[in-house]
Amino acid sequence: MSDTLLVSTRKGLFWVRRGGGRWDIDHVDFLGDNVTLTTTDPRDGRHYAALDHGHFGVKLHRWEDGRWDEMASPTYPPKPEGLEENDMWGRPIAWSTARIWALRAGGDDEPGVIWCGTLPGGLFRSSDNGESWEIVRSLWDHPKRRMWMGGGADLPGIHSILVDPRNSQRIWIAVSTGGIWFTENGGSDWVQRGEGMRADHVPPELTNDPIAQDVHCLAQCANAPERMWVQHHNGIFVSSDEGRTFTEITDVAPSTFGFPVVVHPRDPDTAWFVPGIKDELRIPHDGQLVVTRTRDGGRTFEKLTSGLPQKHAYDIVYRHGLDIDGSGDRLAFGSTTGGLWVSEDQGDTWENIANTLPPVYAVRFA
Amino acid sequence: MARVVFTPNIQRHVACPEAEAPGNTVREVLNGVFAGNPRAAAYVLDDQSALRKHMTIFVDGHMIRDRSGLTDPVGPASTIYIYQALSGG
Numbered sequence: 000m001s002d003t004l005l006v007s008t009r010k011g012l013f014w015v016r017r018g019g020g021r022w023d024i025d026h027v028d029f030l031g032d033n034v035t036l037t038t039t040d041p042r043d044g045r046h047y048a049a050l051d052h053g054h055f056g057v058k059l060h061r062w063e064d065g066r067w068d069e070m071a072s073p074t075y076p077p078k079p080e081g082l083e084e085n086d087m088w089g090r091p092i093a094w095s096t097a098r099i100w101a102l103r104a105g106g107d108d109e110p111g112v113i114w115c116g117t118l119p120g121g122l123f124r125s126s127d128n129g130e131s132w133e134i135v136r137s138l139w140d141h142p143k144r145r146m147w148m149g150g151g152a153d154l155p156g157i158h159s160i161l162v163d164p165r166n167s168q169r170i171w172i173a174v175s176t177g178g179i180w181f182t183e184n185g186g187s188d189w190v191q192r193g194e195g196m197r198a199d200h201v202p203p204e205l206t207n208d209p210i211a212q213d214v215h216c217l218a219q220c221a222n223a224p225e226r227m228w229v230q231h232h233n234g235i236f237v238s239s240d241e242g243r244t245f246t247e248i249t250d251v252a253p254s255t256f257g258f259p260v261v262v263h264p265r266d267p268d269t270a271w272f273v274p275g276i277k278d279e280l281r282i283p284h285d286g287q288l289v290v291t292r293t294r295d296g297g298r299t300f301e302k303l304t305s306g307l308p309q310k311h312a313y314d315i316v317y318r319h320g321l322d323i324d325g326s327g328d329r330l331a332f333g334s335t336t337g338g339l340w341v342s343e344d345q346g347d348t349w350e351n352i353a354n355t356l357p358p359v360y361a362v363r364f365a
Numbered sequence: 000m001a002r003v004v005f006t007p008n009i010q011r012h013v014a015c016p017e018a019e020a021p022g023n024t025v026r027e028v029l030n031g032v033f034a035g036n037p038r039a040a041a042y043v044l045d046d047q048s049a050l051r052k053h054m055t056i057f058v059d060g061h062m063i064r065d066r067s068g069l070t071d072p073v074g075p076a077s078t079i080y081i082y083q084a085l086s087g088g
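Residue numbers (numbering that gives the first Met the number 0), protein chains in the order written: chain A, 0 to 365; chain B, 0 to 88.
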């Protein structure tokens, strides 16, 4: 059970701790700077934080022995002379890290390995706890990688990385937009996964093409890795065969649009979402902030509201803004309007920690 | 030797004292400066060693034109200012 939250915001990294039975902000690091994501390596307790300084670029810091040190940032290889590679507006795609959008420790049998997903679509691997990075060429050079497109951002990006708890060579990534990709040999070869998802924002001939899917977030049950949940631009999808095929779930009140999803670490049928109205109306229904939860694999959903604002709430929760701890009982989420909530009973009730934080990009139990 | 002056705003993240280096182009001079301060290079240049999108460089009061090659000429008494571009907000 985790008593610490790392909350990444537009204006700093907030440490939130549980003490005396309640949660409170302990202190802030990188105050004033844009912190976009953190991860904690469960194997050694080190924390990693991604910063985007705008003018000065994307940086990565590592917390060890009570302090942050700047590490090397993932750096793209030289772009070959004369290579034409343009975004959907015809502008050249810079081979340069535009955002760190996914950070994930490797398997227990690979100490030191960290995976990093970025915009414009490069996956990087570190084998020395973030001291240095290498782009995964097999994926970057995959001919279909050039079919990835921007989703919410102008450039495509890797936002979800799953490492199979049974075999750390087996890895899934999800791309907005580019669907789900899988390797069973540590990244040497990649295949597309994700049949059954549906994209409404592309021409009919592409609607069911796995590469056209705008997966917003991909989550996997730790104790039943064959079960995966997807919050997609067009709704909620669930897979029981390691992401090969998905089934759409449509009967969810108030809606199936959103960004994050988490799944209970031991119960693959229990998952949580934070809905907005729909893609072109990214606010909660009727000004009421709710979390939706299924306990039966998606057949039915509950709308959880206790402790959440039910009048004039316009909070949206980004894809990394919701987390669940290892116990499966504690959840936390932060919103675009600076709200932060924690639940200790699987979402039945929520404690409000703050309402005036900077926009929250990511919430992670440490 | 050209003189290179960095925006004060960068100093909060990485120390970039005023420096001097030889060279006939912006690239040559910056290579000399960054050789002694490699971390600073990543704050000014992107992964392809082009000038970051929201940075700008002036040579003797003129904004450089070649943001990727940094081939703009530099004289022995030139002063190079590395600033943030207002395009970034």
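Glycine included, each C-beta is placed from N, C-alpha and C at the ideal position. Model, not experiment: these values are computed from the prediction.
Element boundaries [beta strand (DSSP E), containing residue i]
i, result
"residue 331(A)", "330-333"
"residue 103(A)", "98-104"
"residue 38(B)", "Premise fails: residue 38(B) lies in the alpha helix (DSSP H), 37-43, not in any beta strand (DSSP E)."
"residue 350(A)", "350-353"
"residue 230(A)", "227-231"
"residue 39(A)", "34-39"
"residue 360(A)", "359-364"
"residue 161(A)", "156-162"
"residue 251(A)", "Neither: residue 251(A) is in no beta strand (DSSP E) and is coded neither H nor E."
"residue 81(A)", "No beta strand (DSSP E) contains residue 81(A), which DSSP labels as neither H nor E."
"residue 238(A)", "234-238"
Delimiting residues of the alpha helix (DSSP H) encompassing residue i
i, result
"residue 34(B)", "25-34"
"residue 14(B)", "Neither: residue 14(B) is in no alpha helix (DSSP H) and is coded neither H nor E."
Chain-ordered neighbours of residue i on chain B, where CB pairs are closer than 8 angstroms
i, result
"residue 72(A)", "41"
"residue 78(A)", "47"
Interface residues of chain A facing residue i [CB-CB closer than 7 angstroms]
i, result
"residue 46(B)", "74, 75, 94, 95, 96"
"residue 62(B)", "Per Cβ cutoff of 7 angstroms: no residues; residue 62(B) is ~16 angstroms from chain A at best."
"residue 9(B)", "55"
"residue 54(B)", "54"
Distance between residue j and residue i (C-alpha atoms, nearest Å)
i, j, result
"residue 330(A)", "residue 54(B)", "40 angstroms"
"residue 12(A)", "residue 204(A)", "44 angstroms"
"residue 201(A)", "residue 178(A)", "13 angstroms"
"residue 14(A)", "residue 24(A)", "6 angstroms"
"residue 108(A)", "residue 125(A)", "14 angstroms"
"residue 87(B)", "residue 239(A)", "Low local confidence applies: a pLDDT of 49 at residue 87(B) is under 50, so the model's placement there is unreliable, with the coordinate-based value given in what follows. Rounded to whole angstroms, residue 87(B) to residue 239(A) spans 45 angstroms at the Cα level."
"residue 61(B)", "residue 175(A)", "40 angstroms"
"residue 133(A)", "residue 80(A)", "21 angstroms"
"residue 354(A)", "residue 21(B)", "54 angstroms"
"residue 289(A)", "residue 52(A)", "33 angstroms"
"residue 32(B)", "residue 135(A)", "31 angstroms"
"residue 63(B)", "residue 71(B)", "6 angstroms"
"residue 83(B)", "residue 1(B)", "20 angstroms"
"residue 257(A)", "residue 342(A)", "19 angstroms"
"residue 347(A)", "residue 321(A)", "15 angstroms"
"residue 4(A)", "residue 69(B)", "44 angstroms"
"residue 101(A)", "residue 16(B)", "34 angstroms"
"residue 299(A)", "residue 293(A)", "6 angstroms"
"residue 57(B)", "residue 12(B)", "21 angstroms"
"residue 336(A)", "residue 173(A)", "26 angstroms"
"residue 305(A)", "residue 40(B)", "50 angstroms"
"residue 0(A)", "residue 264(A)", "12 angstroms"
"residue 122(A)", "residue 139(A)", "7 angstroms"
Bridge-paired residues (DSSP) for residue i
i, result
"residue 72(B)", "24(B)"
"residue 80(B)", "4(B), 57(B)"
"residue 28(A)", "12(A)"
"residue 244(A)", "194(A)"
"residue 133(A)", "124(A)"
"residue 62(B)", "57(B)"
"residue 18(A)", "21(A)"
"residue 115(A)", "102(A), 123(A)"
"residue 339(A)", "333(A), 353(A)"
"residue 70(A)", "59(A)"
"residue 91(A)", "85(A)"
"residue 7(A)", "12(A), 361(A)"
"residue 19(B)", "2(B)"
"residue 50(B)", "44(B)"
Contacts of residue i in chain B (Cβ-Cβ under 7 angstroms)
i, result
"residue 258(A)", "In chain order: nothing, as chain B lies at least about 25 angstroms away."
"residue 52(A)", "12"
Interface partners of residue i on chain A, CB under 9 angstroms
i, result
"residue 26(B)", "Here the premise fails: no neighbours, minimum Cβ distance about 15 angstroms."
Per-residue contacts from residue i into chain A (C-beta, under 8 angstroms)
i, result
"residue 51(B)", "54, 55, 56"
Quiz item: Mind pulling the alpha helix (DSSP H) runs of 4 or more residues that sit fully within the stretch 253-335 of chain A?
Solution: The stretch 253-335 of chain A contains no whole alpha helix (DSSP H) run of 4 or more residues.
Practice problem: Quick one: which unbroken beta strand (DSSP E) runs of 3-plus residues sit fully inside the stretch 44-68 of chain A? Chain order, please. | Solution: 46-51, 57-63
Practice problem: Within the stretch 168-225 of chain A, note down every full beta strand (DSSP E) run reaching 3 residues or more, in order along the chain. | Solution: 170-175, 178-182, 190-192, 214-219
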